[in-house]
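K.L.:
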Amino acid sequence: MDDPYRIERLGNECAVVHFAPGELTAIRSQAHLDELLGLVDSHGRIAIDFTRTTLVPSDWLRAIERMRVRAGAAGKHLAIAGKTAAILKTADALKLRESLRWCDTIEEALRP
Amino acid sequence: MDAVEITRIRREKGLSQVALGRILGVSQPTISGIERGVIAPSAPVLARLRQWLEREATPAPRSPGEVAFLVPQNAPATLPFLRFESWGRPEYSGDFAALFSVGKNAALFVVVDVAGHGTDVLPARTFVQGWLQAYVGRLRGVPRISELAGDLSATLRDGRIDVSAFFAVVATVPGTPHTVNYEAGSFGLAAPLLLSGPPFRTRPSAEVCPALPLEPEEVRVTVIDGLEAPWRLVAATDGLLQRIGAGSESDGVKQLRSRFSLGPSPPPLEELLSTEIPWIDDEVCATLEWAAWDFEGSAVTADEAETRRMLGFVRLRSRPALGEAKAEEFCGAVLEAFQNAGRHAYPKGPGRVSLRFREEASRFRAEISDNGAGMSDRRKVQTSEGGFAVMRTFCKEVFADENRGGGTVVTLLIDKPTQNDQKLPEGGPHG
Chain A
1 MDDPYRIERL GNECAVVHFA PGELTAIRSQ AHLDELLGLV DSHGRIAIDF TRTTLVPSDW
61 LRAIERMRVR AGAAGKHLAI AGKTAAILKT ADALKLRESL RWCDTIEEAL RP
Chain B
1001 MDAVEITRIR REKGLSQVAL GRILGVSQPT ISGIERGVIA PSAPVLARLR QWLEREATPA
1061 PRSPGEVAFL VPQNAPATLP FLRFESWGRP EYSGDFAALF SVGKNAALFV VVDVAGHGTD
1121 VLPARTFVQG WLQAYVGRLR GVPRISELAG DLSATLRDGR IDVSAFFAVV ATVPGTPHTV
1181 NYEAGSFGLA APLLLSGPPF RTRPSAEVCP ALPLEPEEVR VTVIDGLEAP WRLVAATDGL
1241 LQRIGAGSES DGVKQLRSRF SLGPSPPPLE ELLSTEIPWI DDEVCATLEW AAWDFEGSAV
1301 TADEAETRRM LGFVRLRSRP ALGEAKAEEF CGAVLEAFQN AGRHAYPKGP GRVSLRFREE
1361 ASRFRAEISD NGAGMSDRRK VQTSEGGFAV MRTFCKEVFA DENRGGGTVV TLLIDKPTQN
1421 DQKLPEGGPH G
């Protein structure tokens, strides 16, 4: 089975989590959550790349919200690149649209 | 349990994998997997499978000298778009239910109560059954209920047989998906329940006429053109209605309504209709419902490729009517239901999730089911934040029900845009 995402580390400061194209069908596991939260601990700026992802289930968006909360508490930066209508509507349903930062590109998402 | 044995007995009984699946409350792929030895059935399925095997593999014991009655059975209708179930007792009685195929696209559903009880009435029942069989055999098209009632009346009058009966004909409407024309009449029986939805309601199922035989001018028939799936017809004879209604037929109808409300998986008749109240009259209950789907498949929660294939089918079929954005949202709801099953039904590891999908006349319907842990509180689940909130955002209606084989069924409905919707200016009705 393919990994649902690939982590690209841009030096010690920045990291990009590239999610696979199309719909995100993988079930989010505890190992995924641990890895993603660990990334927040080790990097100052993180971008979630949804630029080629069309559908994101609620469990993954909630995991990203947990990353944002951890990043915010440590004065770090996390944003999402990609604004597919269905993903934004999922975030709306979960009341996460406002708390997460949404950008058009990865570059913009990494910018503080 | 031997997979080869299951296959052998199933074939001997002339059952398809789909038919056995219905008996056991699981999908065809699950039966296929069990027979190929690649799926280990869950404990409840295993128990039902054992029961079925015992029942089918063991010849009924017969005491020396016992004479077995041989009541002619109607050839079971082989219409893949209808599910017919009947239950009754005693085995030899004046009450029976049957479904006859009328060509490839129509069926005649009958529930008959021949006056009298038990074996005394067997000759009359056998006569009526044989008459119906011959009537259907002579047909050159879809029968009219008024003609059927008239012809049968003439015969019964000659034979001095009294019969209460319900007849319904359902015929598919060419070019309209999952839609039938319905015509029915009830002759001395309480009008059956015709449950449909959404919006969920009980429609008038039949004009109630006097019992047969009757005069031609006494025949009244109910016709519904364009009855869209889902619908479920629930018919019962007076003996059963009076028993479950504690002496009142109308209370018996209320009991039936509460038990057979239009969920995705009706309970087995024999379970729900067996009560502590002793039976004193012949009883029959039968259900008929639309059972066709455009897609039926299943995937293990960890099998992403198969999940994507199923989502791809939903997207492909719904996009022309819904448009790109709405079709994507419908897929989002289906994906959310899959993920929900993965998280809550199978928290300890992968499990199988099934998808049934069809395009109905005015909407699309998807049912996502699992055989996992089940719901502790349906209302709480349906109104919960999280996954169900997402499904509610994407779909017009979302329902969660208990699955007949254990686990949960989530039903997702999304309406097709109407002509008025399509005429709205950009930005909606006020835009």
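Protein sequence lines correspond, in order, to chains A and B. Residues 1 to 112, numbered by this note's numbering, are exactly what the first sequence covers, in order. Residues 1001 to 1431, numbered by this note's numbering, are exactly what the second sequence covers, in order. Every residue gets a Cβ at the ideal spot worked out from N, C-alpha and C, and that includes glycine.
1) Straight-line CA distance for S1384/B to G11/A?
2) What residues from chain B crowd round S58/A, counting only those whose CB sits closer than 7 Å?
3) With N1340/B as the anchor, note down where its alpha helix (DSSP H) starts and where it stops.
4) Taking beta-carbon pairs under 7 Å, can you tell me which members of the stretch 23-39 of chain A lie near chain B?
5) The ligand ATP and L1322/B: does the residue's C-beta get closer than 8 Å to at least one heavy atom of that ligand?
6) Just to confirm the assignment, what range does the alpha helix (DSSP H) spanning A71/A have?
7) Quick check on L1322/B - is its C-beta less than 9 Å from some C-beta in chain A?
8) Return helix, strand or coil for S1369/B, following the three-state DSSP convention.
9) Would you say F1313/B reaches chain A, if we count a Cβ-Cβ gap shorter than 9 Å as a contact?
10) Any beta carbon from chain B within less than 9 Å of A86/A's own beta carbon?
11) Which one of G1226/B, L1273/B, E1249/B and S1250/B has the shortest CA to CA distance from F1260/B?
12) Helix, strand or coil, according to DSSP, for N1403/B in the structure here?
13) Chain A partners of G1332/B, CB-CB under 7 Å?
14) Which value, in whole angstroms, describes the spacing of the CA atoms of F1100/B and D1401/B?
15) What residues of chain A sit near T1301/B, judged by a beta carbon separation below 9 Å?
16) Closer than 8 Å by C-beta to S1146/B: which residues in its own chain qualify, once you throw out the five before and the five after it? Chain order, please.
17) Just the C-alpha distance for L1195/B and L1227/B, rounded to the nearest angstrom, thanks.
18) Just confirm the distance between the C-beta atoms of E1035/B and A1003/B, as a whole number of angstroms; I'd bet it's less than 8 Å.
19) Would you mind working out which of P1177/B, V1128/B and F1096/B sits nearest I1161/B, comparing C-alpha positions?
20) What does DSSP give as the partner residue(s) for F1109/B in the beta ladder?
21) Work out the CA separation of V1170/B and I1039/B for me, nearest whole Å.
22) Please state the DSSP three-state secondary structure of N1420/B.
23) Is the Cβ of R1352/B closer than 9 Å to any Cβ of chain A?
24) Is there at least one Cβ from chain B nearer than 9 Å to G11/A's Cβ?
25) In chain B, which residues lie with their C-beta within 8 Å of the C-beta of L94/A?
26) What number of angstroms, rounded off, separates the C-alpha of G1088/B from the C-alpha of K1254/B?
27) Are the Cβ atoms of A15/A and R52/A separated by less than 9 Å?
28) DSSP three-state call for T90/A: helix, strand or coil?
29) Distance check for P1192/B and S989/B, CA to CA, integer angstroms please.
30) In angstroms, rounded to a whole number, what distance separates the CA positions of S29/A and Y5/A?
31) Could you name the residues of chain A that E1183/B contacts, counting a contact when the two beta carbons are closer than 8 Å?
32) For E1367/B, which residues from the same chain have a beta carbon less than 6 Å from its beta carbon, with the 5 sequence-adjacent residues on both sides left out?
33) Using 10 angstroms around the beta-carbon of N1390/B, count the other beta-carbons present and answer buried if the total reaches 16, otherwise exposed.
34) Quick one: any contact between the stretch 1305-1320 of chain B and the stretch 100-107 of chain A, if contact means 3 or more CB pairs under 8 Å?
35) Check this for me: beta carbons of T84/A and L55/A, under 9 Å apart or not?
P.N.:
Inspection of the coordinates gives the following:
1) Distance between the alpha carbons of S1384/B and G11/A: 42 Å.
2) E1336, G1386, G1387 and V1390
3) E1324 to N1340
4) E23, T25, A26 and I27
5) Absent from the structure shown: the ligand ATP. Ligands present: none.
6) S58 to A73
7) no
8) strand
9) no
10) yes
11) L1273/B
12) N1403/B falls in the coil class under three-state DSSP.
13) L55, A86 and T90
14) 31 Å
15) I27
16) G1185, P1216, V1219 and V1221
17) 11 Å
18) With a Cβ gap of about 5 Å, E1035/B and A1003/B count as contacting.
19) V1128/B
20) DSSP lists L1099/B and A1168/B as partners of F1109/B.
21) If I take the Cα positions, the gap works out to 37 Å.
22) The answer is helix: DSSP assigns N1420/B an H, G or I state.
23) Not one chain A Cβ lies under 9 Å of R1352/B.
24) no
25) E1385, G1386, A1389 and V1390
26) 19 Å
27) no
28) In the structure shown, T90/A adopts helical secondary structure according to DSSP, grouped into three states.
29) Residue 989/B lies beyond the stretch modelled for chain B, which goes from 1001 to 1431, so this question has no answer here.
30) 13 Å
31) Residues of chain A passing the Cβ test: none, with the nearest at roughly 44 Å.
32) P1264, R1356, V1409 and T1411
33) It is worth fixing the name first, because residue 1390/B is Val in this sequence and not Asn. A residue is called buried once 16 or more other Cβ atoms fall within 10 Å of its Cβ, and V1390/B is buried on that count.
34) no
35) Taking a C-beta distance under 9 Å as the contact criterion, T84/A and L55/A qualify as a contact pair.
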